[in-house]
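In my numbering, the protein residues as written are 388 to 623. Even for Gly, the Cβ is constructed at its ideal location relative to N, Cα and C. Following: one structure in structure tokens, then a few remarks.
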Amino acid sequence: MIEVQKINAGYGRLHILFDVDMHVREKSVTVIVGPNGSGKSTLLKSIFGLTKIYSGVIKFDGENLVGLMPHQIARRGVAYLPQTDNVFANLTVRENLLMASYTLDKRVAEERLEEVLELFPMIKGFMNRKSGTLSGGERQMVAMAMALLRKPKIMMFDEPTGNLAPKLAMEVLAKIRELRDRLGITILLVEQNARRALEMGDYAYLLVSGRVAFEGRPQDLLGHAELSKLYLGISS
Ligand SMILES: Nc1ncnc2c1ncn2[C@@H]1O[C@H](COP(=O)(O)OP(=O)(O)O)[C@@H](O)[C@H]1O
Ligand SMILES: [Mg+2]
Numbered sequence: 388m389i390e391v392q393k394i395n396a397g398y399g400r401l402h403i404l405f406d407v408d409m410h411v412r413e414k415s416v417t418v419i420v421g422p423n424g425s426g427k428s429t430l431l432k433s434i435f436g437l438t439k440i441y442s443g444v445i446k447f448d449g450e451n452l453v454g455l456m457p458h459q460i461a462r463r464g465v466a467y468l469p470q471t472d473n474v475f476a477n478l479t480v481r482e483n484l485l486m487a488s489y490t491l492d493k494r495v496a497e498e499r500l501e502e503v504l505e506l507f508p509m510i511k512g513f514m515n516r517k518s519g520t521l522s523g524g525e526r527q528m529v530a531m532a533m534a535l536l537r538k539p540k541i542m543m544f545d546e547p548t549g550n551l552a553p554k555l556a557m558e559v560l561a562k563i564r565e566l567r568d569r570l571g572i573t574i575l576l577v578e579q580n581a582r583r584a585l586e587m588g589d590y591a592y593l594l595v596s597g598r599v600a601f602e603g604r605p606q607d608l609l610g611h612a613e614l615s616k617l618y619l620g621i622s623s
């Protein structure tokens with residue numbers, strides 16, 4: 388569904404990604420892991436049109452995304468949930484959800500909101516709270532709901548469990564899996580907790596210093612004594 392071909396990208400003249408190739412299969416969960424600063428976030432941002440791309444191609448459903456603006460990429464069915472600032476803190480949850488659906492026809496928006504709240508029933512309990520007062524886990528759920536209102540084909544998550552307690556982190560990851568299983572959404576997931584993410588993924592990439600150091604089955608990366616110890620802090 389997404390095919391990243393020999394991407395070189397960065398910020399201004401600061402070159403971060405080197406000849407990165409990546410394939411994201413439809414309805415799969417593809418996990419990107421790697422040490423801090425290895426370019427994981429930059430790769431997601433590159434797909435979403437937020438970096439400078441020096442060369443390479445990013446195909447989505449056969450079309451090259453390179454050169455398109457983020458809103459054009461979003462319109463094609465790509466959702467990007469950044470690491471932080473994924474909701475408007477000074478708006479209520481309801482207002483955030485309205486904002487996310489403002490381009491939709493009112494009837495459609497209402498229907499979708501109902502569908503989305505079925506997936507995240509807990510949100511009904513805090514619709515009128517200012518989003519800034521939510522816990523990290525609650526805010527992550529709202530951000531996911533906002534993205535879902537636009538019926539994306541693929542969702543890209545940047546460390547969705549970032550500051551969450553282990554139990555909440557598991558819940559968020561379970562929800563992400565549910566999006567794939569119940570709605571058939573393709574998932575591209577960057578995770579800090581490599582083991583947990585690899586255990587739920589179908590395919591894995593290890594980025595080191597802006598290059599792909601491994602690609603393959605998550606079990607094979609977990610089972611790779613050297614790589615997992617050196618770069619993921621996992622000793623088997
Ligand atoms: N907006 C930016 N401008 C300049 N350099 C950046 C920017 N964002 C990230 N970087 C740099 O790019 C490199 C890769 O960062 P990042 O993609 O965030 O890594 P990761 O997500 O794997 O921790 C780091 O050296 C970081 O300092
Ligand atoms: Mg990052």
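Rounded C-alpha distance that separates L614 from G436: 30 Å
Give me the pocket residues for ligand 2, defined as CB within less than 7 Å of any heavy atom, sorted by chain position. Here the list is K427, S428, Q470, D545, E546 and V577.
From the DSSP output, read off the bridge partner residues of F544. L468 and L576
Integer Cβ distance of L521 from V529, believed to fall under 8 Å: That pair is a contact at about 7 Å.
Going residue by residue through the region 445-505, where are the continuous beta strand (DSSP E) segments of at least 3 residues, counting only ones entirely within it? 465-468, all fully within the region 445-505.
For G349 versus K427, is the C-beta distance shorter than 8 Å? As displayed, the chain neither begins before 388 nor continues past 623, which places residue 349 out of reach and without an answer.
Take every Cβ of the region 546-554, pair it with every Cβ of the region 492-510, and state whether three or more of those distances are shorter than 8 Å. no
Any chance the CB of G424 is under 7 Å from a heavy atom of ligand 1? yes
Give the DSSP bridge partners of R598, in chain order. V595
contact_flag[the region 591-598, the region 555-567] where n(CB pairs < 8 Å) is 3 or more: In short, these stretches do not touch, since the Cβ pair count stays below three.
Report buried or exposed for P553, applying the criterion of at least 16 other Cβ atoms within 10 angstroms of its Cβ. exposed
Please state the DSSP three-state secondary structure of S425. coil
Can you give me the start and stop residues for the alpha helix (DSSP H) that L551 sits inside? Under the DSSP assignment, L551 falls outside any alpha helix (DSSP H); it carries neither an H nor an E label.
Member of R400, I389, H410 and M514 whose CA lies at the smallest distance from the CA of A601: The displayed chain sequence assigns Phe, not Ala, to residue 601. By alpha-carbon distance to F601, the top candidate from R400, I389, H410 and M514 is H410.
Any heavy atom of ligand 1 inside 7 Å of the beta-carbon of I445? no
beta-carbon Y441 near ligand 1 non-hydrogen atom, thresh 7 Å: False, no ligand heavy atom lies under 7 Å from that Cβ.
Taking the C-alpha atoms as reference points, what is the distance between E450 and A581? 31 Å
Please identify the residue among E413, V418 and L609 whose C-alpha is closest to the C-alpha of G588. Across the set E413, V418 and L609, the C-alpha of V418 shows the shortest separation from the C-alpha of G588.
Simplified DSSP state of D607, which is helix, strand or coil: helix
For T479, which residues from the same chain have a beta carbon less than 8 Å from its beta carbon, with the 5 sequence-adjacent residues on both sides left out? Closer than 8 Å at the Cβ level, and outside the excluded window around T479, lie M514, N515, R516, K517 and S518.
Indicate, with yes or no, if ligand 1 has a heavy atom lying under 7 Å from the CB of I460. no
Quick test of your reading: A534 and L468, contact by CB under 8 Å. State the CB separation rounded to the nearest angstrom. Cβ atoms of A534 and L468 come within 8 Å of each other, at about 6 Å.
Hey, out of R462, V444, K511 and E497, whose CA is closest to V407's CA? V444
Between which two residues does the beta strand (DSSP E) holding G397 run? I389 to Y398
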